[in-house]
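S.K.: I am attaching a structure below and will ask some questions about it afterwards.
4 protein chains.
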Amino acid sequence: MRAITIEYRVPYADTDQMGVVYYGNYLTLFERARNELMRAVGYTYRECEADGIALPVVHAEVDYKRPAKYDDLLEVKAWVRAQKGVRLEIACEVRRKGEAELLVSGFTRHVFVALADFHPCPPPERLLAAMADD
Amino acid sequence: MRAITIEYRVPYADTDQMGVVYYGNYLTLFERARNELMRAVGYTYRECEADGIALPVVHAEVDYKRPAKYDDLLEVKAWVRAQKGVRLEIACEVRRKGEAELLVSGFTRHVFVALADFHPCPPPERLLAAMADD
Amino acid sequence: MRAITIEYRVPYADTDQMGVVYYGNYLTLFERARNELMRAVGYTYRECEADGIALPVVHAEVDYKRPAKYDDLLEVKAWVRAQKGVRLEIACEVRRKGEAELLVSGFTRHVFVALADFHPCPPPERLLAAMADD
Amino acid sequence: MRAITIEYRVPYADTDQMGVVYYGNYLTLFERARNELMRAVGYTYRECEADGIALPVVHAEVDYKRPAKYDDLLEVKAWVRAQKGVRLEIACEVRRKGEAELLVSGFTRHVFVALADFHPCPPPERLLAAMADD
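If you're matching them up, the sequences are chains A, B, C and D in order.
My numbering numbers the first residue of the first sequence as 1 and each following residue consecutively.
My numbering numbers the first residue of the second sequence as 1001 and each following residue consecutively.
My numbering numbers the first residue of the third sequence as 2001 and each following residue consecutively.
My numbering numbers the first residue of the fourth sequence as 3001 and each following residue consecutively.
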């Protein structure tokens, strides 16, 4: 399955008084990339929820190498790095657009759960098929 | 009905690169004060929702006079400034603890709506009674 | 001076448990639109700060008419509604892309201040010229 | 060195449309606990910055076991789990007040850097002394 890349312009809201993007805000950036990854596959997270299945995060790791700053135009690359049983892992990398230097990287681990009872459940067939075709 | 005051310690997360609290974050601070105002009255917003009624914000105004900064210990005062029919207005003032100078003030206007259909509805009897007793 | 419009895809991060965008997050959305308004004029806020001038918000008002939801593709329109002396007012309107219905509107009032002492100062010549040419 | 515990009431702002605290917001909660850990030691992060030293996060990990919800009164416990050379690791655990069940745990790794050039530097003597005395 291919990786996708989104662009993101850093607002003042994301910065802190050290003049860089606050460390917690990268997790929102990772989410933005995950959303577009699913859209690119052809099965959005909104459709996933409409099918009664959610993908809560059970683990997250982030490596902060270089800070992003206000008004930077960032590129966030995301791809599925593992999928087995009820688990899904999505990796992300953040760079300034057109630059090779890695600013921030990390991944999130998700578990497919039924919205009805929040118990783990098999991934939606449509998502597995879409991921296989992609 | 009395005013209540909450204390709030400003984290780095709330600041921006100008070294002050980002302007949007005061609306979360206003919400924290509103939550405690309802708790002080004896009818929490959680109970309100459990009774099938929500209080979405339909209008907000904020005046920014002086900036709050990282690690400041703030006091946020909140009180009902108007309640008529399906409308409720709550005013807020932000100061540093123990200081008279007003940093930020504002208010939010809310409408009571039924969670079932999001149509306006009368305020919960329990809230009106609690506000009258207070 | 023309109005500009930005697109914004709503992440889960912006929603709250009522299933809609949290009211405070629109102020960040307004900021995203203001940033692009200045870029469109040819004088970014980053350049403004580099010239020693900042534009803190002194007043904000927001009208919430209809809620935006997760994964909505929004359009935020922004324009200068007033500029006189050290004051600048920027208006914003939020709609779903391609829809006429107004979801949220509001404005922010700013004062030009020197970064050196945070005292009010005249607007940068470059910005006034750019706004006049636009 | 002892662990400290802070209390935190979850506002609507922290929740998402799944009805739980958004996963990125725990990193702000971790920061709130770190701030109070340093205050308890007798050397606040504000003093650290005033001494020309910052403590940016270089790595963060979070395990999400059970969700926190709106209006929950949380306890966040924080302690130094490692300090060697320019590195500092602080662990955090989140529970509902008075309950044994662990909701969220994790840690952040920091590097002491000089604010002048953002190069790694030895920890402030005052902090090491305070941590040894504690």
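Cβ coordinates follow ideal geometry from the N, Cα and C atoms, glycine included.
Note that this is a predicted model, so its numbers are computed, not measured.
Taking a Cβ distance cut-off of 7 Å, strictly less, list which residues of the segment 8 to 42 of chain A are near chain B, in chain order.
M.R.: Tyr12, Ala13, Thr15, Asp16, Gln17, Gly19, Tyr22 and Gly24
S.K.: Taking DSSP as the reference, what is the three-state secondary structure of C:Asp2063?
M.R.: Position 63 of the third sequence, counted from the first residue, corresponds to residue 2063 of chain C. Here C:Asp2063 sits in strand by DSSP.
S.K.: Quick check on A:Tyr70 - is its C-beta less than 9 Å from some C-beta in chain B?
M.R.: Translated into positions along the first sequence, residue 70 of chain A becomes position 70. Output row for A:Tyr70: interface = yes.
S.K.: If you draw a straight line from the C-alpha of B:Lys1065 to the C-alpha of B:Val1080, how long is it?
M.R.: Residue mapping note: residue 1065 of chain B aligns to position 65 of the second sequence, counting from 1. Residue mapping note: residue 1080 of chain B aligns to position 80 of the second sequence, counting from 1. So the alpha carbons of these two residues sit roughly 22 Å apart.
S.K.: Exposed or buried, what is D:Glu3093 when buried is set at 16 or more other beta-carbons lying within 10 Å of its beta-carbon?
M.R.: Position 93 of the fourth sequence, counted from the first residue, corresponds to residue 3093 of chain D. Buried is the call here.
S.K.: Chain A partners of C:Arg2046, CB-CB under 7 Å?
M.R.: If you number the third sequence from 1, residue 2046 of chain C lands on position 46. Taking the beta carbon of C:Arg2046 as reference, the chain A residues within 7 Å of it are Tyr70 and Asp71, listed in sequence order.
S.K.: Looking at C:Val2113 and C:Pro2056, is the spacing between their C-beta atoms short of 9 Å?
M.R.: Here residue 2056 of chain C refers to the residue found at position 56 when the third sequence is read from its first residue. Here residue 2113 of chain C refers to the residue found at position 113 when the third sequence is read from its first residue. Taking C-beta atoms as the reference points, C:Pro2056 and C:Val2113 count as a pair closer than 9 Å.
S.K.: Comparing alpha-carbon positions, which option in B:Arg1126, B:Ala1132 and B:Leu1115 lies nearest B:Thr1044?
M.R.: For this step, residue 1044 of chain B is matched to residue 44 along the second sequence. Selected option, being the one with the closest Cα: B:Arg1126.
S.K.: Within the same chain, show all residues whose beta-carbon is closer than 6 Å to that of A:Thr5, passing over the 5 residues directly before and after it, in chain order.
M.R.: The sequence position of residue 5 of chain A within the first sequence is 5, counting from 1. Closer than 6 Å at Cβ, skipping near neighbours: Glu75 and Lys77.
S.K.: At the level of alpha carbons, what is the spacing between B:Val1058 and C:Tyr2022?
M.R.: Looking up residue 1058 of chain B in the second sequence gives position 58. Looking up residue 2022 of chain C in the third sequence gives position 22. Going by the C-alpha atoms only, they are around 12 Å apart.
S.K.: Under 9 Å between the Cβ atoms of C:Ala2129 and B:Val1062?
M.R.: Residue 2129 of chain C sits at position 129 when you count from the first residue of the third sequence. Residue 1062 of chain B sits at position 62 when you count from the first residue of the second sequence. No, they are not a contact pair.
S.K.: Got a sec, what are the start and stop residues for the alpha helix (DSSP H) A:Tyr26 sits in?
M.R.: Position 26 of the first sequence holds residue 26 of chain A. Its alpha helix (DSSP H) spans residues Asn25 to Val41.
S.K.: Compute every distance between the C-beta of C:Val2041 and the non-hydrogen atoms of the ligand FMN, then say whether any falls below 8 Å.
M.R.: Ligands in the displayed structure: none, and consequently the ligand FMN is not present.
S.K.: Determine the DSSP secondary structure at B:Tyr1045, reduced to helix, strand or coil.
M.R.: In the second sequence, residue 1045 of chain B corresponds to position 45, counting from 1. In this structure, B:Tyr1045 counts as helix in the three-state DSSP scheme.
S.K.: Is any beta-carbon of chain C found at less than 9 Å from that of B:His978?
M.R.: The requested residue 978 of chain B is not part of the displayed model; chain B covers only 1001 to 1134.
S.K.: Does the Cβ-Cβ distance between B:Gly1042 and A:Ala13 come in under 9 Å?
M.R.: For the purposes of this step, residue 1042 of chain B is taken as residue 42 along the second sequence, with counting starting at 1. For the purposes of this step, residue 13 of chain A is taken as residue 13 along the first sequence, with counting starting at 1. Against a cut-off of 9 Å, the Cβ pair of A:Ala13 and B:Gly1042 comes out as no contact.
S.K.: If you compare alpha carbons, which of B:Val1020, B:Arg1109 and B:Leu1103 is closest to B:Lys1084?
M.R.: What you label residue 1084 of chain B is simply residue 84 of the second sequence in a count that begins at 1. Cα-wise, what sits closest to B:Lys1084 is B:Arg1109.
S.K.: Taking the alpha-carbon of A:Ser105 as reference, which of A:Gly52, A:Phe30, A:Pro122 and A:Pro11 has the nearest alpha-carbon?
M.R.: Reading the first sequence from its first residue, position 105 is the one you call residue 105 of chain A. A:Ser105 has its Cα closest to that of A:Phe30, out of A:Gly52, A:Phe30, A:Pro122 and A:Pro11.
S.K.: Assign A:Pro120 to buried or exposed, taking buried as 16 or more other Cβ atoms, counted over all protein chains shown, within 10 Å of its Cβ.
M.R.: Taking the first sequence and counting its residues from 1, the one referred to as residue 120 of chain A is at position 120. Exposed, because fewer than 16 other Cβ atoms sit within 10 Å of the Cβ of A:Pro120.
S.K.: Can you list, in chain order, the residues of the segment 1087 to 1118 of chain B whose Cβ is nearer than 7 Å to any Cβ on chain C?
M.R.: Taking 7 Å as the Cβ-Cβ cut-off against chain C, none of the residues of the segment 1087 to 1118 of chain B qualify.
S.K.: So which of C:Lys2069, C:Glu2007, C:Ala2132 and C:Leu2102 has the shortest CA-CA distance to C:Arg2034?
M.R.: As a first step, residue 2034 of chain C must be located in the third sequence, where it is residue number 34. With distances taken between Cα atoms, C:Arg2034 lies closest to C:Glu2007.
S.K.: Checking contacts by CB at 9 Å: is D:Glu3061 closer than that to chain A?
M.R.: Looking up residue 3061 of chain D in the fourth sequence gives position 61. Yes, because at least one Cβ of chain A sits closer than 9 Å to the Cβ of D:Glu3061.
S.K.: Are the C-beta atoms of D:Lys3065 and some chain A residue less than 9 Å apart?
M.R.: Your numbering for residue 3065 of chain D matches position 65 in the fourth sequence. True, the Cβ-Cβ gap to chain A drops below 9 Å.
S.K.: Buried or exposed: where does D:Leu3088 fall if 16 or more other Cβ atoms within 10 Å of its Cβ makes it buried?
M.R.: Indexing the fourth sequence from 1 puts residue 3088 of chain D at position 88. D:Leu3088 should be labelled buried.
S.K.: Roughly how many whole angstroms lie between the Cα atoms of C:Leu2037 and C:Ala2050?
M.R.: The count along the third sequence starts at 1 and reaches residue 2037 of chain C at position 37. The count along the third sequence starts at 1 and reaches residue 2050 of chain C at position 50. Whole-angstrom Cα-Cα distance: 18 Å.
S.K.: My assumption, with CB atoms under 8 Å, is that A:Arg46 sits in contact with C:Asp2071. Please give the rounded CB distance.
M.R.: For the purposes of this step, residue 46 of chain A is identified with residue 46 of the first sequence, where counting begins at 1. For the purposes of this step, residue 2071 of chain C is identified with residue 71 of the third sequence, where counting begins at 1. Indeed they touch by this definition, with Cβ atoms about 4 Å apart.
S.K.: Please list, in chain order, the chain B residues whose beta carbon lies closer than 9 Å to that of C:Val2076.
M.R.: Working through the third sequence from its first residue, we reach residue 2076 of chain C at position 76. Close to C:Val2076, with beta-carbon spacing below 9 Å, lies no residue of chain B; the smallest spacing is near 14 Å.
S.K.: B:Leu1102 and B:Arg1096 look like a contact to me (Cβ under 8 Å); what is the Cβ gap, rounded to whole Å?
M.R.: Counting from 1 along the second sequence, the entry for residue 1102 of chain B is found at position 102. Counting from 1 along the second sequence, the entry for residue 1096 of chain B is found at position 96. 10 Å between Cβ atoms; not a contact.
S.K.: Answer yes or no: do C:Val2111 and C:Lys2069 have a C-beta to C-beta separation smaller than 9 Å?
M.R.: Here residue 2111 of chain C is taken as the residue at index 111 of the third sequence, counted from 1. Here residue 2069 of chain C is taken as the residue at index 69 of the third sequence, counted from 1. Contact flag unset, no.
S.K.: Take D:Arg3032 and list the residues in its own chain whose beta-carbon comes closer than 8 Å to its own, dropping the five residues that flank it on each side.
M.R.: Here residue 3032 of chain D refers to the residue found at position 32 of the fourth sequence. Closer than 8 Å at Cβ, skipping near neighbours: Ile3006, Tyr3008 and Val3076.
S.K.: Report the three-state DSSP secondary structure of D:Arg3126 (helix, strand or coil).
M.R.: For the purposes of this step, residue 3126 of chain D is taken as residue 126 along the fourth sequence, with counting starting at 1. In this structure, D:Arg3126 counts as helix in the three-state DSSP scheme.
S.K.: For B:Ala1050, return the contacting residues in chain C, with the cut-off set at a CB-CB distance below 8 Å.
M.R.: Counting from 1 along the second sequence, the entry for residue 1050 of chain B is found at position 50. In chain order: nothing, as chain C lies at least about 13 Å away.
S.K.: Using the three-state DSSP reduction, which class does B:Ala1082 fall into: helix, strand or coil?
M.R.: Along the second sequence, read from residue 1 onward, the residue named residue 1082 of chain B stands at position 82. Three-state result, B:Ala1082: strand.
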